[in-house]
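Colleague: Below: one structure in structure tokens.
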Amino acid sequence: DKAYQAFFRRVKTGDEPGFPRFKGEGRYRSMTFSHLAKRLIRNVHRKYARIVVPKVGHLKIRYHRPLPDGKIKTLTISKKASGWYATIVVEVPDPVEVPVETTLGVDVGLNSFVVDSDGERIPNPRHFRKAEKKLVKHQRVLSRRKKGSNRRAKQREIVARTHEQIANQRRDFQFKAAHRLLLRCDEVAVEDLKIKNLLKNHHLAKSISDAGWGSFRLKLQSKAASAGKQFTKVKPHHTSQKCSGCNEVVPKKLSIRTHDCSSCGLVIDRDHNAAINIKKAAVALRGGAVVTNTLEISAQTGTEARNPINPRERATSPVPSGWGN
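Written out as structure tokens, the structure reads:
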């Protein structure tokens with residue numbers, strides 16, 4: 004049922020998902036328990052616990068962080084290249100909403116991963132680019148292995164672990180970057196970029212995918228919700244072209260990295276200028292002021308953008324020891 008629900012949900016959004024098909028025992032990657040999740044977790048200690056999986060039995064799990072106090076909602080057991088993991092979703096009280104006194108505009112990019120409206124920069128780590136040579140080497144070896152052989156299965160695991168390592172590095176970096184930004188503001192504002200459309204540029208598609216702008220935006224939204232802070236999305240039209248000093252539109256190509264306004268004389272980094280415009284748009288939305296047409300932002304857009312994901316559910320992922328290791 005969940006596979007079909009996910010399939011039709013993606014069809015409605017305009018995606019082209021593959022039709023759900025039967026997955027055998029070797030291809031089944033996860034299982035979720037919702038109604039009996041609380042009964043499945045036994046002997047909870049600070050570092051270890053036991054879970055009871057139907058048709059499998061008792062399994063010992065190791066926490067990577069303490070389990071929050073609250074009602075256990077779901078238990079998901081999933082298989083990754085590095086082993087088996089159990090994700091426990093716990094319902095926690097709503098966070099205390101923080102009054103908005105400071106707003107931070109955030110502009111994502113490729114040269115610098117983030118430039119904010121205060122001029123602070125977070126460098127782009129380029130995790131995939133750094134591991135690309137090693138990954139190509141492993142994939143070349145995999146292509147030479149005979150299909151169905153044990154050596155091919157082992158090499159496939161090596162390739163999968165390399166991909167997982169890259170994903171873990173990117174996830175860790177993005178969570179820390181989001182935390183660093185939210186420490187300095189009560190409201191964070193970002194552009195509502197259409198990542199799918201940006202990936203049509205084949206010269207930048209790999210770099211954009213490596214940066215992971217979409218996943219970073221979700222993490223920033225999630226951490227803002229859990230901290231009781233505001234997360235606002237503004238439309239991205241002309242944020243880089245419009246002068247943050249005098250609101251004059253200064254057209255420039257993507258290769259030009261400095262904003263030089265002939266009207267007011269402002270000379271500033273292109274990304275910093277965009278971050279300031281993002282901040283100004285978010286402040287205007289919150290205050291109900293009229294925003295110029297170049298940004299094309301409406302009060303309705305701001306209302307929808309400030310609806311965060313459910314802050315009541317947080318997940319912690321203890322690792323079942325001995326699974327797949």
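Numbers 4 to 328, taken from the working numbering, label the letters of the sequence shown in order.
By construction, the Cβ of each residue, glycine as well, lies at the ideal position given by its N, Cα and C atoms.
(1) Could you spell out the range, first to last residue, of the alpha helix (DSSP H) harbouring ALA287?
(2) Assign ILE211 to one of three DSSP states: helix, strand, or coil.
(3) If we count the other Cβ atoms within 10 Å of its Cβ and call it buried at 16 or more, is LYS5 buried or exposed?
(4) With a floor of 3 residues, list each beta strand (DSSP E) that falls wholly inside the region 15-101, ordered by position along the chain.
(5) Can you find the residues in the same chain that come closer than 6 Å, C-beta to C-beta, to SER266, ignoring five residues on each side of it along the sequence?
(6) Between ALA292 and the rest of its own chain, which residues show a CB-CB distance below 7 Å, the 5 nearest in sequence each way excluded?
(7) Quick check on the DSSP output: the alpha helix (DSSP H) that includes GLY217 runs from which residue to which?
(8) Let me check one thing: in DSSP terms, what residues is PRO126 bridge-paired to?
(9) Tell me the rounded alpha-carbon separation between LEU138 and ARG45.
(10) Does LEU184 get closer than 8 Å to chain B when you measure Cβ to Cβ?
(11) Would you tell me roughly how many angstroms separate the C-alpha atoms of ILE279 and ILE198, rounded to the nearest one?
(12) Cutting at 6 Å between CB atoms, please list the residues of its own chain near GLY21, excluding the five before and the five after it.
(13) Whose C-beta lies closer than 6 Å to the C-beta of PRO128 among residues of the same chain, with five residues either side of it excluded?
(14) Among all the DSSP beta bridges, which residues are the ones paired with PHE234?
(15) Tell me, please, whether the region 266-275 touches the region 108-126 by the rule of three or more beta-carbon pairs shorter than 8 Å.
(16) Hey, how far is the Cα of ARG53 from the Cα of THR165?
(17) Run through DSSP, which three-state label would LEU184 get?
(18) Which whole-angstrom value is the C-beta distance of ASP195 and LYS236, which I expect to be below 8 Å?
(19) With DSSP collapsed to three states, give me the class of ASP3.
(20) Residue range of the alpha helix (DSSP H) that LYS150 falls in?
(21) Taking contact to mean 3 or more Cβ pairs, one atom from each stretch, closer than 8 Å, check whether the region 216-236 and the region 100-107 are in contact.
(22) Measuring CA to CA, which of LYS256, VAL286, ALA228, ALA227 is closest to HIS241?
(23) For a test of the three-state rule: what should DSSP assign to VAL139, helix, strand or coil?
Modeller: Looking at the coordinates:
(1) 273-290
(2) helix
(3) exposed
(4) 33-36, 51-56, 60-65, 74-83, 86-94
(5) CYS249, GLU251
(6) In this prediction, ALA292 has a pLDDT of 46, which is less than 50 and means its spatial position is unreliable; what the coordinates show is noted afterwards. Taken in chain order, the list of residues that qualify is empty.
(7) 216-229
(8) SER115
(9) 40 Å
(10) No chain B is present in this structure, which holds just one protein chain.
(11) 21 Å
(12) none
(13) PHE176
(14) VAL191
(15) yes
(16) 30 Å
(17) helix
(18) 4 Å
(19) In the structure as shown, the chain begins at 4 and stops at 328. Residue 3 is therefore absent and cannot be evaluated.
(20) It is not in any alpha helix (DSSP H) - LYS150 carries neither H nor E in the DSSP assignment.
(21) yes
(22) LYS256
(23) helix
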